[in-house]
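Peer 1: Count along the sequence shown starting at 1, add 873, and that's the number in our numbering. Cβ coordinates follow ideal geometry from the N, Cα and C atoms, glycine included. Attaching a single structure in structure tokens format; questions to follow.
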Amino acid sequence: MYTVTLWEFAALAAASILVGFSKTAVSGANTVSLAIFAAVLPARESTGVLLPLLIVGDLLAVRTYRRHAHWGTLVRLFPAVAAGVVVGTVFLLWAGDAEVRTSIGAILLLMAGVTVWRRRAAARAEAPATTPGADGAGARLKAGSYGVLGGFTTMVANAGGPVMSLYLLSAGFRKLGFLGTSAWFFLIVNVAKVPFSVGLGLIDGRSLLLDALLALFVLPGAYLGKACVDRINQRLFERLVIAATVLGGLQLLLR
């Protein structure tokens, strides 16, 4: 097993609680968890430790919000996401930790800026930015671009949450539709990533032993998120998602 001190294990446990909370309350907040894992463990290997914990959180989120998913949106996203995962796998074959952090941090901040700009423009026009699940050339182009970025960032650093959160916000999803669609999306994508991570040596017996301990902390985080989500109004929910995205991007750039 990885050798960690008591304080380092406590930090990983707190990050695991946040994984559960982000899956059932504020999607994208687990970028903070990503940063903690990368600080305590070797940055590259930390992604392999974190992935099974994310899948545990995904299962809990699907159990809670499974009826609220918009499958048309998921079907539209998956081909582009698959392409992004392949690109991310190739990127990981040669990129070092510094290149990974800088690339993803810049992408997250760019996407946050674009989302804020779009929502302010829609507010000035006193009309919604879009209808959830809307089709058309513009919607397909947006789904494709966000999908490739989401697949790339989720493969190289488990940081696809903020990108997809921004996509769902920009697509006009309300809170429950957002959480349900996000839950199914990441369960499917994260499970699909496992063979790639094993092939890259990011998941092995040592990482799974640590996961077996940390998974115990994902559960209370998920139930805490479920208890809190009904008390978070839509405007605050959107602000928290965007704030978590910006924080995650800055952490990756400044580390």
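Round the Cβ separation of residue 904 and residue 1117 to the nearest angstrom and send it over; I've been treating them as touching at under 8 Å.
Peer 2: If you number the sequence shown from 1, residue 904 lands on position 31. If you number the sequence shown from 1, residue 1117 lands on position 244. Right, their Cβ atoms sit about 6 Å apart.
Peer 1: Please state if the CB of residue 1025 and the CB of residue 960 are separated by a distance shorter than 8 Å.
Peer 2: For the purposes of this step, residue 960 is taken as the residue at position 87 of the sequence shown. For the purposes of this step, residue 1025 is taken as the residue at position 152 of the sequence shown. Closer than 8 Å, so yes.
Peer 1: If we count Cβ pairs, one from each stretch, closer than 8 Å, do we get three or more for the stretch 965-972 versus the stretch 1038-1045?
Peer 2: Flag = no, the stretch 965-972 and the stretch 1038-1045 do not touch.
Peer 1: Who are the near neighbours of residue 906 in its chain, counting only those whose CB is closer than 6 Å to its CB and skipping five residues on each side?
Peer 2: Position 33 of the sequence shown, counted from the start, is the residue given in the question as residue 906. The answer, listed in chain order, is 888, 891, 892.
Peer 1: As an exercise, report each continuous alpha helix (DSSP H) stretch of at least 4 residues that is fully enclosed by the stretch 1019-1089, in chain order.
Peer 2: Runs found: 1033-1043, 1048-1072.
Peer 1: Whole angstroms is fine: what's the gap from residue 1064's alpha carbon to residue 1120's?
Peer 2: On the sequence shown, position 191 is the one that residue 1064 refers to. On the sequence shown, position 247 is the one that residue 1120 refers to. Approximately 26 Å, taken between the alpha carbons.
Peer 1: So, using beta-carbon positions, are residue 950 and residue 1058 closer together than 8 Å?
Peer 2: The residue you call residue 950 lines up with position 77 of the sequence shown. The residue you call residue 1058 lines up with position 185 of the sequence shown. Yes. Within cutoff.
Peer 1: Of all the options 916, 1068, 927, which has the alpha carbon lying nearest to the alpha carbon of residue 968?
Peer 2: Position 95 of the sequence shown, counted from the start, is the residue given in the question as residue 968. Here the closest residue by C-alpha is 916.
Peer 1: Buried or exposed: residue 963, going by 16 or more other Cβ atoms within 10 Å of its Cβ?
Peer 2: On the sequence shown, position 90 is the one that residue 963 refers to. It counts as exposed.
Peer 1: Distance, Cα to Cα, residue 1101 vs residue 1109?
Peer 2: Position 228 of the sequence shown holds residue 1101. Position 236 of the sequence shown holds residue 1109. So the two alpha carbons sit approximately 12 Å from each other.
Peer 1: Quick one: using the 10 Å Cβ neighbour count with 16 as the cut-off for buried, is residue 1129 buried or exposed?
Peer 2: Examination of residue 1129 is not possible in this model, given that the chain is present from 874 through 1128 alone.
Peer 1: Along the chain, where does the alpha helix (DSSP H) that runs through residue 948 open and close?
Peer 2: Position 75 of the sequence shown, counted from the first residue, corresponds to residue 948. Counting along the chain, the alpha helix (DSSP H) containing residue 948 begins and ends at 944-967.
Peer 1: At a cut-off of 7 Å, would you count residue 1122 as near the ligand PLP, judging by its Cβ distance to the nearest heavy atom?
Peer 2: By its list of ligands, the structure shown contains no ligand whatsoever, and the ligand PLP lies outside what it can speak to.
Peer 1: Considering Cα atoms alone, identify which of 983, 882, 990 is closest to residue 1019.
Peer 2: One-based indexing of the sequence shown puts residue 1019 at position 146. If we check each option's Cα against that of residue 1019, 983 comes out closest.
Peer 1: How about residue 1037 and residue 957: are their beta carbons less than 8 Å apart?
Peer 2: Numbered from its first residue, the sequence shown carries residue 1037 at position 164. Numbered from its first residue, the sequence shown carries residue 957 at position 84. Not a contact, by the Cβ cut-off of 8 Å.
Peer 1: For the alpha helix (DSSP H) containing residue 931, list its first residue and its last residue.
Peer 2: Looking up residue 931 in the sequence shown gives position 58. That run of the alpha helix (DSSP H) goes 916-938.
Peer 1: Using a 10 Å radius around the Cβ and a threshold of 16 neighbouring Cβ atoms, would you call residue 911 buried or exposed?
Peer 2: Numbered from 1 along the sequence shown, position 38 holds the residue referred to as residue 911. Its Cβ being crowded by 16 or more others within 10 Å, residue 911 is buried.
Peer 1: As a quick exercise: from 1094, 913, 1014, 934, pick the residue whose alpha carbon is nearest that of residue 880.
Peer 2: In the sequence shown, counting from the first residue as 1, residue 880 sits at position 7. That would be 913, whose Cα lies nearest to the Cα of residue 880.
Peer 1: Where does residue 970 fall in DSSP's three states?
Peer 2: Counting from 1 along the sequence shown, the entry for residue 970 is found at position 97. Three-state result, residue 970: helix.
Peer 1: Just confirm the distance between the C-beta atoms of residue 1062 and residue 1076, as a whole number of angstroms; I'd bet it's less than 8 Å.
Peer 2: Position 189 of the sequence shown, counted from the start, is the residue given in the question as residue 1062. Position 203 of the sequence shown, counted from the start, is the residue given in the question as residue 1076. At roughly 15 Å, the Cβ-Cβ gap does not stay under 8 Å, so residue 1062 and residue 1076 are not in contact.
Peer 1: How should residue 1060 be labelled, buried or exposed, when 16 other C-beta atoms within 10 angstroms of its C-beta is the threshold for buried?
Peer 2: Working through the sequence shown from its first residue, we reach residue 1060 at position 187. The residue in question, residue 1060, is buried, as its Cβ has 16 or more Cβ neighbours within 10 Å.
Peer 1: Do you know how far the Cα of residue 1021 is from the Cα of residue 1015?
Peer 2: As a first step, residue 1015 is located in the sequence shown; it is residue number 142 there, counting from the start. As a first step, residue 1021 is located in the sequence shown; it is residue number 148 there, counting from the start. C-alpha separation (whole angstroms): 10 Å.
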